[in-house]
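Novice: Before anything else, here's the structure in question.
Residue numbers (our numbering): 26 to 150.
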């Protein structure tokens with residue numbers, strides 16, 4: 026389980042670096058700047074709980090699995106974000122986004138979390 030936590034933490038960090046780097050390109054940042062936070066490692070590491078869930082869902086269609094993973098990721102993002110926000114430590118704030126909930130999650134990120142869940146599933150095989 027410890028190894029799975031590390032795999033997910035590193036995978037999540039890499040995904041976030043690629044994601045924020047691509048956004049910087051869209052925003053015409055010639056430096057292609059990307060960023061993340063040390064606090065994100067354990068949050069992404071928590072994706073390791075997908076492993077036992079994926080065993081239960083292994084014969085289900087990938088769309089159902091992706092939806093379940095995205096819902097789980099949204100839930101954990103909201104919970105961890107709420108905790109960190111109360112401590113003044115939340116590294117993200119989606120308040121300016123149209124489809125945000127309390128500045129903690131962005132519903133328009135559902136396709137990204139759908140894909141991330143399926144990626145974590147593959148990483149944990």
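A virtual CB, placed ideally from N, CA and C, is assigned to each residue, including glycine.
In the DSSP assignment, find the alpha helix (DSSP H) that holds residue 72 and state where it starts and stops.
Specialist: Position 47 of the chain shown, counting from 1, holds the residue named residue 72. Looking at the DSSP string, residue 72 is not in any alpha helix (DSSP H), and its letter there is neither H nor E.
Novice: Quick one, which of 128, 94, 84 has its alpha-carbon nearest residue 109's?
Specialist: Numbered from 1 along the chain shown, position 84 holds the residue referred to as residue 109. Among 128, 94, 84, the Cα nearest to that of residue 109 is on 128.
Novice: Can you give the beta carbon distance from residue 42 to residue 61, rounded, assuming they're within the 8 Å contact cut?
Specialist: The residue you call residue 42 lines up with position 17 of the chain shown. The residue you call residue 61 lines up with position 36 of the chain shown. Indeed, because the Cβ distance is near 6 Å, the residues count as touching under 8 Å.
Novice: In the DSSP assignment, find the alpha helix (DSSP H) that holds residue 29 and state where it starts and stops.
Specialist: As a first step, residue 29 is located in the chain shown; it is residue number 4 there, counting from the start. Residues 27–51.
Novice: What is the DSSP secondary structure of residue 131, counted as helix, strand or coil?
Specialist: Position 106 of the chain shown holds residue 131. Correct three-state label for residue 131: strand.
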